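First comes the structure, then the notes that go with it.
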Amino acid sequence: MKKIIKRISLTLLLCTLLAAQAFSATWYDNGSQRFTITAGPTIPTSLTLLSSGETFTGWEEGDIGLTPVGGFGSIAYQVFLNPYLALGGEIGYAFNYNVDGTLLTNVPMLFKLTVMPLQGRVEIPLSFGLGFSYMSISDGGAYLPFFASFETGIDYYFTDNWGIGLKCGIWVIPEIYFESSRFSQNSLLTMVPITLSVTYRQ
Amino acid sequence: MKRTAMILIAALALLASSCNLDNAGILYRGPDRTISDNMNRNYIGQSAGSLFITTENGLERIDLNSSSFTSTLILEDPVFDVYLQDRAVLDDSGYIIYLDDNDPEKTSQQFYLINVNDLSNVRMKAVDSFAADKVFVDAFTADSVNYFIAKDGTVYSVTTDGETVTGNVDAGQAGTLYSNIGGLRIFAEYDYDKDSDKITNVSFDYLGKSLNFPDDYKDTDLAVQIRSVWTEGTELYVITNDTDYFHLFMGSTEGGDLTHVSLISGIYRRPFPCTKIGDNIVFLHWNGSSSTSRLVTMPLDGSDPSYSTTSNGIEAEVFFTHNGSNYMLSKDHGMFQIIQADSGYSLQSV
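Keeping their order, the protein sequence lines are chains A and B. What the first sequence shows, in our numbering, is residues 15 to 216, in sequence order. What the second sequence shows, in our numbering, is residues 5 to 354, in sequence order.
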């Protein structure tokens, strides 16, 4: 697990460095738009019980409780505030199965801010999402937790307007209760989405 | 600007905290979730350090003195290939009295004695039935006495000396036996397919002692609603399940009137075990259709029942105590300890 997180962190760092070096010509103007459809697997990486501080990793019984691979799909729309910064929203659907077969679903609804340091035919977007997710589980329970995400990757535009991309990132989903009797249920889940995307820009 | 940001953050936090749409937390239960092991456990009996069960593998012993309740296969035989529920008891002499398949076409059943006194050399032998012309529909233990109930409704208390099985009639027929739940016999007149609309002349007794349910609950549907029975000394507790609610009744094993204690919503369409912990009746409600399990606590003082939600698909096989602690053996998800919760009790995987 540590190796996976380390590799993901290195990849993200590399992408960031590449992007930072690549500020050059701009493709976008104020008011340019992006519409993106995303789909791919998600990998639960950790669950922390905040009251005890215990952190669980792994996908066996007694670990996080989730199986290794889930799925995710979303649509996002963003408008550029300046040539390098786009703001918009994303709504998606994610599912993961627990080891006992119950289904955990998330419907994240996020404000999404994307920094576009390298743009043109090849782009490296850095996206930050913040919002809520309607989270429910098939054996009883529903909640609306905060949902934060970061993702980056590479988009390749095979026409002026159409591009495909490969992205990776991390989600942070806190399930927080403010009633003292339920402090023991306060938890923090992280997941890594690995997605393919299709983007239309203009 | 700062003030606006503060208000916005506070509003978001309030929204998040107020939108807990259900009583059950979601993520924190993950580490406690258990995979179905498809063992299909059937409880036989408990001795000082052992719990005996059958699975599809054969006869198994759960070592209650081991830290994780290790299960060991102690006897394999084709007789265990037939799925049986409530067809065996553990006698004080260290013998399991086991009945083979009770195919409705049969007119008699084979009895087996399994000697579990020496766990390193467990053996089984066929013995003659004490009631050769009977087929038995239930075997259970109540108040340290083993009972077999024949298809015709006769109740036998049974013992063994290791060579033969002896049965004495404990309660005779009192009509046509419609069904039996742990010694609570339901007699009725009914047609072949047990259409509840055609059940008439329903009566109830506990091992021969007549029981009267309160008038508000006494109708022919009650014959198909009895789900669970628990006795302790002369205390008798009965759980029924109508189309919407579980009802808890209490009375005496000596017969007489039952009183209604409380109710809680839920549907569970077949018999299930329950237990008494402190001044509460506790049972596991498994809703097979939506895969939800709840450990329900019904206080005997009539105050509101409570429940804790647990992992998917768990169905209780038996509740038992060991060294002062309460446990539940599930059919397909291993063993659980019953622990005190904020309200009532909850399960913790062992």
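All residues carry an ideal CB built from backbone N, CA and C; glycine is no exception. The structure presented is a predicted model; accordingly, all values stated were derived computationally and were not measured.
| task | Please name the residue, chosen from A:S201, A:S194 and A:Q216, that lies closest to Y171 (chain A) on a Cα-to-Cα basis. | result | Counting from one through the first sequence, the residue named residue 171 (chain A) turns up at place 157. Taking only the C-alpha atoms, the option nearest Y171 (chain A) is A:Q216.
| query | Could you check where the beta strand (DSSP E) with E236 (chain B) kicks off and where it finishes? | reply | To locate residue 236 (chain B), count along the second sequence from 1; it is residue 232. Here the beta strand (DSSP E) through E236 (chain B) covers I230 to E236.
| task | Pair every Cβ in the region 256 to 267 of chain B with every Cβ in the region 208 to 215 of chain B, then say whether three or more of these pairs are closer than 8 angstroms. | result | Between the region 256 to 267 of chain B and the region 208 to 215 of chain B, the count of Cβ pairs shorter than 8 angstroms is three or higher; the stretches touch.
| request: Measuring only between beta-carbons, confirm whether L25 (chain B) sits less than 8 angstroms from chain A. | output: The sequence position of residue 25 (chain B) within the second sequence is 21, counting from 1. The predicted position of L25 (chain B) is uncertain, since its pLDDT is 49 and thus under 50; no value can be drawn from it.
| field | Cα-Cα separation between E104 (chain A) and G145 (chain A), rounded to whole angstroms | value | Working through the first sequence from its first residue, we reach residue 104 (chain A) at position 90. Working through the first sequence from its first residue, we reach residue 145 (chain A) at position 131. Roughly 9 angstroms between the two C-alpha positions.
| request: Check each candidate in B:F140, B:L31, B:T170 and B:G166 and name the one with the smallest Cα separation from T158 (chain B). | output: Taking the second sequence and counting its residues from 1, the one referred to as residue 158 (chain B) is at position 154. T158 (chain B) has its Cα closest to that of B:F140, out of B:F140, B:L31, B:T170 and B:G166.
| field | Beta-carbon proximity of T164 (chain B) to D95 (chain B), cut-off 8 angstroms | value | To locate residue 164 (chain B), count along the second sequence from 1; it is residue 160. To locate residue 95 (chain B), count along the second sequence from 1; it is residue 91. Taking C-beta atoms as the reference points, T164 (chain B) and D95 (chain B) count as a pair closer than 8 angstroms.
| request: Using only alpha-carbon positions, find the residue among B:L299, B:N125 and B:Y272 that is nearest to I285 (chain B). | output: On the second sequence, position 281 is the one that residue 285 (chain B) refers to. Cα-wise, what sits closest to I285 (chain B) is B:L299.
| query | In terms of residue numbering, what span does the beta strand (DSSP E) encompassing D174 (chain B) cover? | reply | For the purposes of this step, residue 174 (chain B) is identified with residue 170 of the second sequence, where counting begins at 1. Residues V169 to A175.
| Of all the residues that make up the region 327 to 347 of chain B, which are near chain A by a beta-carbon distance shorter than 8 angstroms? | Result list: H337 and D346.
| Around the Cβ of N120 (chain A), are there at least 16 other Cβ atoms within 10 angstroms (buried) or fewer (exposed)? | Position 106 of the first sequence, counting from 1, holds the residue named residue 120 (chain A). Counting Cβ neighbours within 10 Å, N120 (chain A) comes out buried, since at least 16 surround it.
| query | Taking the C-alpha atoms as reference points, what is the distance between Y47 (chain B) and R189 (chain B)? | reply | Taking the first residue of the second sequence as 1, we reach residue 47 (chain B) at position 43. Taking the first residue of the second sequence as 1, we reach residue 189 (chain B) at position 185. Going by C-alpha positions, Y47 (chain B) is about 21 angstroms away from R189 (chain B).
| task | Report, in whole angstroms, the separation of the C-beta atoms of L117 (chain B) and G49 (chain B), which I expect to be a contact under 8 angstroms. | result | Residue numbering aside, residue 117 (chain B) sits at position 113 when the second sequence is read from its first letter. Residue numbering aside, residue 49 (chain B) sits at position 45 when the second sequence is read from its first letter. Incorrect: roughly 13 angstroms between the Cβ atoms, too far for contact.
| said: For chain C, check one thing: does any of its Cβ atoms lie closer than 8 angstroms to the Cβ of S147 (chain A)? | reply: The structure shown has no chain C; the protein chains it does contain are A and B.
| What three-state label does DSSP hand T58 (chain B) in the structure shown? | Against the second sequence, residue 58 (chain B) aligns to sequence position 54. In the structure shown, T58 (chain B) sits in a strand (DSSP, three-state: E or B).
| request: Indicate whether the contact test is met: 3 or more Cβ pairs, each with one atom in the region 62 to 72 of chain B and one in the region 192 to 205 of chain A, closer than 8 angstroms. | output: Verdict: no, contact absent.
| message | For a quick check, are the C-beta atoms of L210 (chain A) and G54 (chain A) less than 8 angstroms apart? | response | The residue labelled residue 210 (chain A) in the question sits at position 196 within the first sequence. The residue labelled residue 54 (chain A) in the question sits at position 40 within the first sequence. It is a contact, given that the beta carbons lie within the stated cut-off.
| said: Against chain A, does I271 (chain B) count as a neighbour if the rule is that its beta carbon must be under 8 angstroms from one of theirs? | reply: As a working mapping, residue 271 (chain B) is identified with position 267 in the second sequence. Not one chain A Cβ lies under 8 angstroms of I271 (chain B).
| query | Between the region 107 to 138 of chain A and chain B, which residues of the former have CB atoms less than 8 angstroms from a CB of the latter, in chain order? | reply | Within the region 107 to 138 of chain A, the residues whose Cβ lies closer than 8 angstroms to some Cβ of chain B are N112, V113, D114, G115, T116 and L118, listed in chain order.
| query | Can you give the Cα-Cα distance for N125 (chain B) and G98 (chain B), rounded to whole angstroms? | reply | Translated into positions along the second sequence, residue 125 (chain B) becomes position 121. Translated into positions along the second sequence, residue 98 (chain B) becomes position 94. Their backbone Cα atoms lie some 13 angstroms apart in a straight line.
| request: Check R33 (chain B) in the structure and name its three-state DSSP category. | output: The residue labelled residue 33 (chain B) in the question sits at position 29 within the second sequence. Note: R33 (chain B) maps to helix in three-state DSSP.
| Are any of the Cβ atoms in chain B nearer than 8 angstroms to that of Q199 (chain A)? | Here residue 199 (chain A) refers to the residue found at position 185 when the first sequence is read from its first residue. For Q199 (chain A), the answer is yes, since a Cβ of chain B falls inside 8 angstroms of its Cβ.
| message | Taking the beta strand (DSSP E) that W185 (chain A) belongs to, which residues open and close that run? | response | On the first sequence, position 171 is the one that residue 185 (chain A) refers to. Unbroken beta strand (DSSP E) run through W185 (chain A): W176 to E189.
| Who are the neighbours of L61 (chain A) on chain B, taking C-beta pairs under 9 angstroms? | The sequence position of residue 61 (chain A) within the first sequence is 47, counting from 1. Chain B residues near L61 (chain A): L31, Y32, G34 and P35.
| said: At 3 residues or longer, what runs of the beta strand (DSSP E) sit wholly inside the region 231 to 294 of chain B? | reply: The region 231 to 294 of chain B contains these whole beta strand (DSSP E) runs: 239 to 245, 249 to 256, 263 to 269, 278 to 281 and 284 to 291.
| Over what stretch of residues does the beta strand (DSSP E) that includes E104 (chain A) continue unbroken? | Here the question's residue 104 (chain A) lines up with position 90 in the first sequence. L99 to Y111 is the extent of the beta strand (DSSP E) around E104 (chain A).
| Positions along the region 165 to 197 of chain A whose CB lies within less than 8 angstroms of some CB in chain B | Correct list: I187, E189, I190, Y191, F192, S195 and R196.
| Under the three-state DSSP convention, the category P82 (chain A) falls into | For the purposes of this step, residue 82 (chain A) is taken as residue 68 along the first sequence, with counting starting at 1. In the three-state scheme derived from DSSP, where H, G and I count as helix and E and B as strand, P82 (chain A) is classed as coil.
| 7 angstroms Cβ cut-off: residues of chain B touching G72 (chain A) | In the first sequence, counting from the first residue as 1, residue 72 (chain A) sits at position 58. In chain order: nothing, as chain B lies at least about 10 angstroms away.
| field | P303 (chain B) - DSSP class collapsed to helix/strand/coil | value | Residue numbering aside, residue 303 (chain B) sits at position 299 when the second sequence is read from its first letter. Residue state, collapsed to three classes: strand.
| Under 8 angstroms between the Cβ atoms of Y311 (chain B) and H264 (chain B)? | Walking along the second sequence from the start, residue 311 (chain B) turns up at place 307. Walking along the second sequence from the start, residue 264 (chain B) turns up at place 260. In this structure, the beta-carbon distance from Y311 (chain B) to H264 (chain B) does not fall below 8 angstroms.
| message | Quick check: does the Cβ of V354 (chain B) come within less than 7 angstroms of any heavy atom belonging to the ligand PLP? | response | Here there are no bound small molecules, and the ligand PLP is not part of this structure.
| said: Could you tell me the alpha carbon to alpha carbon distance between D147 (chain B) and I151 (chain A), rounded to whole angstroms? | reply: Mapped onto the second sequence, residue 147 (chain B) falls at position 143. Mapped onto the first sequence, residue 151 (chain A) falls at position 137. Looking at the two C-alpha atoms, the distance is approximately 42 angstroms.
| field | Reference I89 (chain A); option with closest CA among A:R48, A:G79, A:I78 and A:Y98 | value | Residue 89 (chain A) sits at position 75 when you count from the first residue of the first sequence. Residue A:R48 is the option with its Cα nearest to I89 (chain A).
| So what does N216 (chain B) bridge to, in DSSP terms? | What you label residue 216 (chain B) is simply residue 212 of the second sequence in a count that begins at 1. The partner list for N216 (chain B) (beta bridge, DSSP) reads B:D261.
| query | Just how far apart, CA to CA, sit P218 (chain B) and V206 (chain A)? | reply | Translated into positions along the second sequence, residue 218 (chain B) becomes position 214. Translated into positions along the first sequence, residue 206 (chain A) becomes position 192. Cα to Cα, the separation comes out at about 59 angstroms.
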